[in-house]
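Step one of this worksheet: look at the structure below.
Protein chains: 2
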Amino acid sequence: MTGSPVSVLLGSGGISTQDRRDTFRNLVSSHFSGCKQVLFVPYASQDHDKYTIRMQEFLGSDAPIMSGIHTFEDTSQALAEADGIYVGGGNSFLLIRDLHELGLVTPIRDMVLRGAPYLGVSAGANVACPTMMTTNDMPITLPTSFSSLGLVPFQINPHYHPGKILFMDGNELRDHYGESRAQRIAEFHRIHQDPVLGMWEGSFVHWDGSIGQLSGRATAFRVGENPVELADGSTFEARLELV
Amino acid sequence: MTGSPVSVLLGSGGISTQDRRDTFRNLVSSHFSGCKQVLFVPYASQDHDKYTIRMQEFLGSDAPIMSGIHTFEDTSQALAEADGIYVGGGNSFLLIRDLHELGLVTPIRDMVLRGAPYLGVSAGANVACPTMMTTNDMPITLPTSFSSLGLVPFQINPHYHPGKILFMDGNELRDHYGESRAQRIAEFHRIHQDPVLGMWEGSFVHWDGSIGQLSGRATAFRVGENPVELADGSTFEARLELV
Numbered sequence: 054m055t056g057s058p059v060s061v062l063l064g065s066g067g068i069s070t071q072d073r074r075d076t077f078r079n080l081v082s083s084h085f086s087g088c089k090q091v092l093f094v095p096y097a098s099q100d101h102d103k104y105t106i107r108m109q110e111f112l113g114s115d116a117p118i119m120s121g122i123h124t125f126e127d128t129s130q131a132l133a134e135a136d137g138i139y140v141g142g143g144n145s146f147l148l149i150r151d152l153h154e155l156g157l158v159t160p161i162r163d164m165v166l167r168g169a170p171y172l173g174v175s176a177g178a179n180v181a182c183p184t185m186m187t188t189n190d191m192p193i194t195l196p197t198s199f200s201s202l203g204l205v206p207f208q209i210n211p212h213y214h215p216g217k218i219l220f221m222d223g224n225e226l227r228d229h230y231g232e233s234r235a236q237r238i239a240e241f242h243r244i245h246q247d248p249v250l251g252m253w254e255g256s257f258v259h260w261d262g263s264i265g266q267l268s269g270r271a272t273a274f275r276v277g278e279n280p281v282e283l284a285d286g287s288t289f290e291a292r293l294e295l296v
Numbered sequence: 054m055t056g057s058p059v060s061v062l063l064g065s066g067g068i069s070t071q072d073r074r075d076t077f078r079n080l081v082s083s084h085f086s087g088c089k090q091v092l093f094v095p096y097a098s099q100d101h102d103k104y105t106i107r108m109q110e111f112l113g114s115d116a117p118i119m120s121g122i123h124t125f126e127d128t129s130q131a132l133a134e135a136d137g138i139y140v141g142g143g144n145s146f147l148l149i150r151d152l153h154e155l156g157l158v159t160p161i162r163d164m165v166l167r168g169a170p171y172l173g174v175s176a177g178a179n180v181a182c183p184t185m186m187t188t189n190d191m192p193i194t195l196p197t198s199f200s201s202l203g204l205v206p207f208q209i210n211p212h213y214h215p216g217k218i219l220f221m222d223g224n225e226l227r228d229h230y231g232e233s234r235a236q237r238i239a240e241f242h243r244i245h246q247d248p249v250l251g252m253w254e255g256s257f258v259h260w261d262g263s264i265g266q267l268s269g270r271a272t273a274f275r276v277g278e279n280p281v282e283l284a285d286g287s288t289f290e291a292r293l294e295l296v
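So the sequences go chain by chain: A and B. Just so we're aligned, residue 54 is where the first sequence starts under the numbering used here, counting upward by one. Just so we're aligned, residue 54 is where the second sequence starts under the numbering used here, counting upward by one.
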């Protein structure tokens, strides 16, 4: 999207309508244009082979070849040789555990800082942040650290939605009284300073190393300030302030 | 509720209607009958004093005196001398971090095994399980371990709801495509064997050391089996099988 050395595309997930699927395919195609081989990182899922095949099929024949990183004996060499990297969604705790255990955090960061395009969706967007602490996932495993790739200087809450939720109890719509995302992010901000981008489902952010551009909708949360709605096409800097 | 040596009352949370508040006060009053002093554990919240006062006010003058455990210099002695313990809700990661760091896991377990009634709501129910891995909370801090009090032999997912969620976008009701609770619990069950009780908001479980009794609604999840709905008043054993 830009000629700058860093090219990070992060998606909220929730790509479950035809419109969103089309948008996603176009963004991926543009993001990886010029890439012959893209490494796919399926560790957020529990079936690495199946997930890699499913994603290749979903992206279609226009997409570059996706090679599952789990199929390489020497993953560091695989990273050094690949043109781009796509970290898929699933469970962020599984993903960050494996990235740390396999020693992949620094090699992935180096590769992206060298200019290889990074795509991360949902859990793959969480781990592109300084930490994965603003995930919505269930902590089914304890990683050695929540520190993450730090490819962007802000946190992301993927699958963000405003307000409280509702659910169907048979045919009845019921109120749910659990914490809203804004309340959870406020809990995070009692301990941490990093701004948090609440990304609505279907939305994407491209980060070029200094400027972010939003496709879709998002809400920016900064410590001590009211949340700010960001419109489709907004551009912002590291603090999520509009530029 | 029983004459057996263990008395553990666990609530899902979501006590946000008058009916639910009345039920909760009655259950607490009965659970702690005979207790003069109950230790309140506010570590899941970020303002310990405020939360302790709020809870004492909420429970009213019929409830025993709630002493915040954070006000004692010697917490182990406070635990040894208290008649009961109430672990409040908030963020499970904060709570289990502090329980481990302050060396409170074993003293609390010992106290409950000696017969002191335990009450845990939401995060306080999560940490009564073998681990707190079936929480819904945001991982805003990394605890040294997810191991928990193990006062009950099954896992709890509090604030449980069936199916996918919906949210209000202004006046429009929108579908959300994030994972359902059942999908998250299935992810847990790919790694762990413990049965999981999805507790609907407003529901409670009393565990006497071998038998659980449900007030309200819950859904039982076991590895490799279909989820089973449990009706109000159901009694079940350690595997969440009806008895």
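Where is the CB? At the ideal position from N, CA and C, for every residue including glycine. What you are looking at is a predicted structure, and each value in this text was computed from that prediction instead of being measured.
In this structure, does DSSP put residue i in helix, strand or coil?
i: A:Gly173; result: strand
i: B:Gln236; result: helix
i: B:Leu195; result: coil
i: B:Val158; result: helix
i: B:Ser129; result: helix
i: A:Leu62; result: strand
i: B:Glu282; result: strand
i: B:Thr76; result: helix
i: A:Val296; result: coil
i: A:Asp222; result: strand
i: B:Gln99; result: coil
i: B:Phe85; result: coil
i: B:Phe93; result: strand
i: B:Ile118; result: strand
i: A:Ala338; result: This structure gives no information on residue 338 of chain A, because the portion of chain A shown stretches from 54 to 296.
What number of angstroms, rounded off, separates the C-alpha of residue i from the C-alpha of residue j?
i: A:Glu294; j: A:Gly64; result: 19 Å
i: A:Thr128; j: A:Gly168; result: 18 Å
i: B:Met108; j: A:Ser86; result: 58 Å
i: B:Phe289; j: B:Glu282; result: 12 Å
i: A:Pro196; j: B:Asp115; result: 44 Å
i: B:Gly270; j: B:Gly216; result: According to the sequence as given, residue 270 of chain B is Arg; it is not Gly. Those two C-alpha atoms are separated by around 15 Å.
i: A:Arg234; j: A:Glu278; result: 16 Å
i: B:Ile149; j: B:Gly143; result: 11 Å
i: A:Arg292; j: A:Met119; result: 33 Å
i: B:Leu205; j: B:Pro58; result: Reading off the sequence, residue 205 of chain B comes out as Val, not Leu. Near 14 Å, if we compare the C-alpha coordinates of B:Pro58 and B:Val205.
i: B:Met221; j: A:Ser60; result: 34 Å
i: B:Glu110; j: A:Ala284; result: 43 Å
i: A:Gly173; j: B:Ser198; result: 28 Å
i: A:His84; j: A:Arg74; result: 15 Å
i: B:Ser175; j: A:Gln71; result: 38 Å
i: B:Gly251; j: A:Gly251; result: 27 Å
i: A:Ser69; j: B:Glu232; result: 12 Å
i: B:Gly113; j: B:Gly286; result: 26 Å
Apart from the five residues on each side of it in sequence, which residues of its chain come closer than 7 Å, Cβ to Cβ, to residue i?
i: A:Pro95; result: His101, Tyr104, Thr105, Gly121, His123 and Gly141
i: B:Asp247; result: Pro183, Phe207 and Gln208
i: B:Phe146; result: Asp190, Pro192, Ile193, Thr194 and Pro196
i: A:Ser256; result: Ser65, Leu267, Ser268, Gly269, Arg270 and Ala271
i: A:Val276; result: His242 and Gln246
i: B:Glu254; result: Ser65, Gly66, Gly67 and His212
i: A:Val296; result: Ile264, Thr288, Phe289 and Glu290
i: A:Ser200; result: Thr184
i: A:Phe125; result: Ala131
i: B:Pro280; result: Ala235, Thr272, Ala273 and Phe274
Whose C-alpha, out of the options, is nearest the C-alpha of residue i?
i: A:His153; options: A:Gly143, A:Val180 and A:Tyr139; result: A:Val180
i: B:Gln90; options: B:Glu232, B:Asp222, B:Pro170 and B:Asp247; result: B:Pro170
i: A:Phe274; options: A:Arg243, A:Ala116 and A:Gly286; result: A:Arg243
i: A:Gly223; options: B:Met221, B:Asp222, B:Gly231 and B:His214; result: B:His214
i: A:Leu166; options: A:Pro280, A:Arg74 and A:Leu202; result: A:Leu202
i: A:Ala178; options: A:Val258, A:Gly286, A:Ser69 and A:Glu232; result: A:Val258
i: B:Tyr139; options: B:Phe93, B:Ala97, B:Pro280 and B:Asp151; result: B:Phe93
i: B:Ala97; options: B:Asn210, B:Asp151 and B:Leu112; result: B:Asp151
Give every residue of the same chain whose Cβ lies closer than 6 Å to the Cβ of residue i, excluding the five residues on either side of it in the sequence, and list them in chain order.
i: B:Cys88; result: Pro117, Asp136 and Gly137
i: B:Gln99; result: none
Note down, in chain order, each residue of its chain lying with its Cβ closer than 8 Å to the Cβ of residue i, except the 5 sequence neighbours on either side.
i: A:Leu219; result: Leu226, Arg227, Asp228 and His229
>> Could you check whether the stretch 151–163 of chain A touches the stretch 69–79 of chain A, counting it as contact only if at least three pairs of C-beta atoms, one from each stretch, sit closer than 8 Å?
In response: no
>> Below 8 Å, how does it come out for the stretch 160–175 of chain B and the stretch 128–141 of chain B: are there three or more Cβ pairs, yes or no?
In response: yes
>> Tell me whether the stretch 235–243 of chain A and the stretch 254–270 of chain A touch, counting them as touching only if at least three CB pairs, one residue from each stretch, are closer than 8 Å.
In response: Cβ pair count under 8 Å is below three, so no.
> Quick one: any contact between the stretch 170–190 of chain B and the stretch 182–197 of chain A, if contact means 3 or more CB pairs under 8 Å?
Replying inline: A contact exists between the stretch 170–190 of chain B and the stretch 182–197 of chain A.
> Given a limit of 7 Å on CB to CB distance, which residues of the stretch 265–284 of chain A reach chain D?
Replying inline: Considering every chain present, this structure includes no chain D. Its protein chains are A and B.
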